[in-house]
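Residue numbers (the working numbering): 7 to 330.
This report concerns only the one structure given below.
What follows is the structure, encoded as structure tokens:
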């Protein structure tokens, strides 16, 4: 007679039960004409709550979720961003808490509802733009870090591109006098055309030669991305996180410049503010940045106390004080 080894079936734990209840909750919300994107966000946030509570050694249960679990989320994985530490924006924290509150209320748990949490409307992270001296130092250091790192800094700082726009650049976008940029847009990229900065145009031949050398021997399909790598399979475009970690932050450190919390847009913001401080009208800056409304551009300029003092100096020259 053959003897079969007895296999133990693991007992579903609290995390499993939480995620199963999340699936049922999302299925119910799907009948309310909610967009698929929003349903995916609900599922993602609530499933991450289970993982975070499990990592923190806290009970993961809809009925036992209380103040301790909520405080752990708000002070841990959902902590607010600051000028010295990474974290979530006020909008994202409020969004996550709202999703969690709806899920708990559906099961009769009013822990979040009773806390009546208030989130500041303004972002916690102060908008930062580099000074002209810091921008020059950054470019000098970038030049010593290779053509790829130098080009990334130049495209963001001297052409005003978002990092995602730099990664979307293709060879066909490199015109003789202008660069075609695929900007933001839900259905189709909003395109804009930016005249070349002389430094970026100077870097292009070396950058194209580096790309050709890096892909030597590759015979597969090539979508023509300017920044890509061959990893043994197909061509891959770098991620924004990798560019930040491997290229941009080390250059800030070597230049002796404190990297701002909102590093993804710091160089693009410096581009706009440098133009504005040197007399370029805000309407032209908005076109270069791809903003449909100049109010968005004003927020990008990151005006500070020095800008207010410069403005008052202009008025003092035009309407000087009387000398008695």
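In this text, a Cβ means the ideal position worked out from N, Cα and C, and glycines have one as well.
- In this structure, the alpha-carbon of residue 58 lies about 20 angstroms from that of residue 45.
- Taking all protein chains in view, the Cβ of residue 165 is crowded by 16 or more other Cβ atoms within 10 Å, so the residue is classified as buried.
- According to the DSSP assignment, residue 185 belongs to the beta strand (DSSP E) that extends over 184-188.
- A distance of 8 angstroms or more separates the beta carbons of residue 32 and residue 76.
- A distance below 8 angstroms between beta-carbons, with the five flanking residues on each side excluded, links residue 209 to the following residues of its chain, in chain order: 153, 156, 157, 160.
- Cβ contact annotation for residue 320 (same chain, cutoff 8 angstroms, sequence separation greater than five): none.
- DSSP, read as helix, strand or coil, puts residue 86 in strand.
- Per DSSP, the continuous beta strand (DSSP E) segment holding residue 198 begins and ends at 197-201.
- In this structure residue 228 is in contact with residue 241, their Cβ atoms being roughly 6 angstroms apart against a cut-off of 8 angstroms.
- Under the three-state reduction of DSSP output, residue 180 falls in the strand class.
- Residue 257 is positioned such that its CB atom lies closer than 8 angstroms to that of residue 148.
- The beta-carbon separation of residue 28 and residue 52, rounded to 5 angstroms, stays under the 8 angstroms limit for a contact.
- Annotated three-state conformation of residue 79 is helix, per DSSP.
- Here residue 273 is not bridged, per DSSP, to any residue.
- Here residue 92 has 267 as same chain residues with Cβ atoms under 7 angstroms from its own Cβ, once five neighbours each way along the sequence are excluded.
- Straight across, the Cα-Cα distance linking residue 237 with residue 50 is about 29 angstroms.
- Bridge pairing for residue 236: 241 [DSSP].
- Take residue 71, set aside five residues on each side of it, and the residues of its chain with a beta-carbon closer than 7 angstroms to its own are 110, 115, 117, in chain order.
- Taking every protein chain shown into account, the CB of residue 259 has fewer than 16 other CB atoms within 10 angstroms, so this residue is exposed.
- The C-beta distance from residue 274 to residue 168 rounds to 6 angstroms, short enough to meet the 8 angstroms contact threshold.
- In the three-state scheme derived from DSSP, where H, G and I count as helix and E and B as strand, residue 209 is classed as helix.
- The beta strand (DSSP E) runs of length 3 or more contained entirely in the region 108-153 do not exist; there are none.
- Using a 10 angstroms sphere on the CB of residue 40, the tally of other CB atoms stays under 16, which defines it as exposed.
- Taking the C-beta atoms as reference points, residue 246 is found nearer than 8 angstroms to residue 270.
- For the pair residue 261 and residue 248, the Cα-to-Cα distance works out to about 20 angstroms.
- In terms of Cα proximity to residue 125, the closest of 96, 317, 187, 137 is 96.
- Judged by DSSP in its simplified three-state form, residue 253 adopts helix.
- Short of 6 angstroms from the beta carbon of residue 297, and not among the five residues preceding or following it, lie these beta carbons of its own chain, in chain order: 303.
- Within its own chain, the residues whose Cβ lies closer than 6 angstroms to the Cβ of residue 174, once the five positions on either side in sequence are excluded, are 188, listed in chain order.
- In the assembly as shown, residue 102 is a buried residue. Its beta-carbon has 16 or more other beta-carbons within 10 Å.
- For residue 43 and residue 310, the gap between their C-alpha atoms comes out near 37 angstroms.
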